[in-house]
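The structure under discussion appears below in the form of structure tokens.
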């Protein structure tokens, strides 16, 4: 089975980081980490989306373009700790991304290696959902991985 970069990062955050940064839905009640969607009925959650990434030049032997896939992490929080809770949890994700170095693990029967998760900047305030008083922060990154 093949996995998307967003799925790799979801697995990394919830299964490889100690202590875990978030939990897998649906059993996850504390900061569930979704891929490609963010349910409306969950106030505090994270969604990881695949994005276009970046072209990193080309292979000098074959001429093939080297493209590194991108991800966007979207963090949503509400309630009294809303903005600060989103920032604090976002900084846990930042810290988890910054320490990745040639990490090999299995997802199902697939062995993958994440060489790095390179942040493309810092945590950014992306707005507020006024009807539910929830704040949104985002973080963009490039995933350098093999085997997926």
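In the working numbering, the protein residues as written are 1026 to 1173. We treat Cβ as the ideally placed atom computed from N, Cα and C, and that holds for glycine.
- Close CB contacts of residue 1129 within its chain, under the 6 angstroms cut and outside five residues either way in sequence, are with 1138 (chain order).
- Burial state of residue 1055 is exposed, judged by a 10 Å Cβ sphere holding fewer than 16 other Cβ atoms.
- In this structure the region 1113 to 1127 does not touch the region 1072 to 1082; the number of beta carbon pairs closer than 8 angstroms is below three.
- Taking C-beta atoms as the reference points, residue 1098 and residue 1164 count as a pair closer than 7 angstroms.
- Here residue 1093 is not near residue 1142, since their CB atoms are 7 angstroms or more apart.
- Note that the C-beta distance between residue 1148 and residue 1115 is below 7 angstroms.
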